[in-house]
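Engineer:
Rendered as structure tokens:
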């Protein structure tokens, strides 16, 4: 359990770090596209080799990789479409409400027993996320919310696939190989979407490499560390704990970056999220 806690702590910090690196980027730079390039160039070859040579291969594992890659691609596409219609502060908390869906699917279809305190922690933290989203409601909210909900469903699909796959991935290199499969598929999907919507395969502007390269490494390793933690924790718990990144990022936006619009409502929502995560942490002690 200590290994899982350390992995998730590192994942949360990496998640916050890459979001901070992306803050100053212009939408035309397609920062995420470049970040995926950075990860795939630096860690893609080694991690895919590790996956091929170290995984316990079966048709079941291959099927899980396909499901995970398709769901991850859908997540990125829906999230990007939602961001074009409404602010990140509305869209992202809804997309991150997936732990509730993961817990439901795990219980209904796979027989997982989640403690009452675990359900309480997940429900409270998701309620806080929805309160946080409500504080930023403007723009084409209805369509954006629909897209964000689809992104949450996609997250639940790839997270459960990852949970079942990790039993066949004995090393971190192989686990990161799963990440590389997902991010390669997502990169192809984003490139196709860019070609169809904008008429070109890559962005016309490149952000500073000092930002997108480390961001890509943070994205990939944060994802890999969550998969690592799933060896010890329920998928719903592992994904829920990563929402601590929203707590940290939300507090930074208010107190470090001076984004004071609806600050009291946002702080209240952040406190609710944190309380839910505290209950969840107590349930796995």
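Residue numbers (our numbering): 95 to 379. From the three backbone atoms N, C-alpha and C, an ideal C-beta is built for every residue, glycine too. As the structure is a computational prediction, the values presented were derived from the model and not from experiment.
Pick from 99, 164, 137: whose alpha carbon is nearest that of residue 308?
Structural biologist: Checked all of 99, 164, 137; the closest Cα to residue 308 is 137.
Engineer: What do you get for residue 236, buried or exposed, if any count of 16 or more other CB atoms within 10 angstroms of its CB means buried?
Structural biologist: By the neighbour-count rule (16 or more Cβ atoms within 10 Å), residue 236 is not buried but exposed.
Engineer: Report, in whole angstroms, the separation of the C-beta atoms of residue 330 and residue 102, which I expect to be a contact under 8 Å.
Structural biologist: Going by Cβ atoms, the distance from residue 330 to residue 102 rounds to 13 Å, so no, they are not a contact pair.
Engineer: Considering residue 349, what are the terminal residues of the alpha helix (DSSP H) in which it resides?
Structural biologist: First-last of the alpha helix (DSSP H) with residue 349: 338 to 349.
Engineer: Taking 8 Å as the threshold, find out whether the stretch 305 to 324 comes into contact with the stretch 122 to 142 through three or more Cβ pairs.
Structural biologist: A contact exists between the stretch 305 to 324 and the stretch 122 to 142.
Engineer: Touching or not, the stretch 259 to 267 and the stretch 185 to 198, by the rule of three or more beta carbon pairs under 8 Å?
Structural biologist: Flag = no, the stretch 259 to 267 and the stretch 185 to 198 do not touch.
Engineer: With DSSP as the reference, label residue 352 as helix, strand or coil.
Structural biologist: In this structure, residue 352 counts as coil in the three-state DSSP scheme.
Engineer: Would you call residue 324 buried or exposed, if buried means 16 or more other Cβ atoms sit within 10 Å of its Cβ?
Structural biologist: Buried, by the Cβ-count rule.
Engineer: Identify the continuous alpha helix (DSSP H) that holds residue 276 and give its terminal residues.
Structural biologist: Looking at the DSSP string, the run of the alpha helix (DSSP H) that includes residue 276 is 266 to 292.
Engineer: With DSSP run on the structure shown, which of helix, strand or coil describes residue 262?
Structural biologist: In the structure shown, residue 262 sits in a helix (DSSP, three-state: H, G or I).
Engineer: Let's see if you can read the secondary structure: which residues bound the alpha helix (DSSP H) around residue 172?
Structural biologist: Looking at the DSSP string, the run of the alpha helix (DSSP H) that includes residue 172 is 153 to 177.
Engineer: Pick from 170, 155, 126, 336: whose alpha carbon is nearest that of residue 245?
Structural biologist: For the residues 170, 155, 126, 336, the minimum Cα distance to residue 245 belongs to 170.
Engineer: So, with DSSP's three-state summary, where would you put residue 325?
Structural biologist: Correct three-state label for residue 325: coil.
Engineer: When you compare only the Cα positions, how much space is there between residue 199 and residue 161?
Structural biologist: Straight-line Cα distance between these residues: approximately 15 Å.
Engineer: My assumption, with CB atoms under 8 Å, is that residue 370 sits in contact with residue 360. Please give the rounded CB distance.
Structural biologist: Not confirmed; about 16 Å, so no contact.
Engineer: Give the DSSP-derived three-state secondary structure of residue 124 in the structure shown.
Structural biologist: Reduced to three states, the DSSP call for residue 124 is coil.
Engineer: With residue 378 as the anchor, note down where its alpha helix (DSSP H) starts and where it stops.
Structural biologist: No alpha helix (DSSP H) contains residue 378, which DSSP labels as neither H nor E.
Engineer: Apply the 10 Å Cβ neighbour rule to residue 367 and answer buried if 16 or more other Cβ atoms are within range, or exposed otherwise.
Structural biologist: It is buried - the Cβ of residue 367 has at least 16 other Cβ atoms within 10 Å.
Engineer: Where does residue 117 sit, in a helix, a strand or coil, going by DSSP?
Structural biologist: Coil.
Engineer: In this structure, how does DSSP classify residue 191 when only helix, strand and coil are distinguished?
Structural biologist: The answer is coil: DSSP assigns residue 191 none of H, G, I, E or B.
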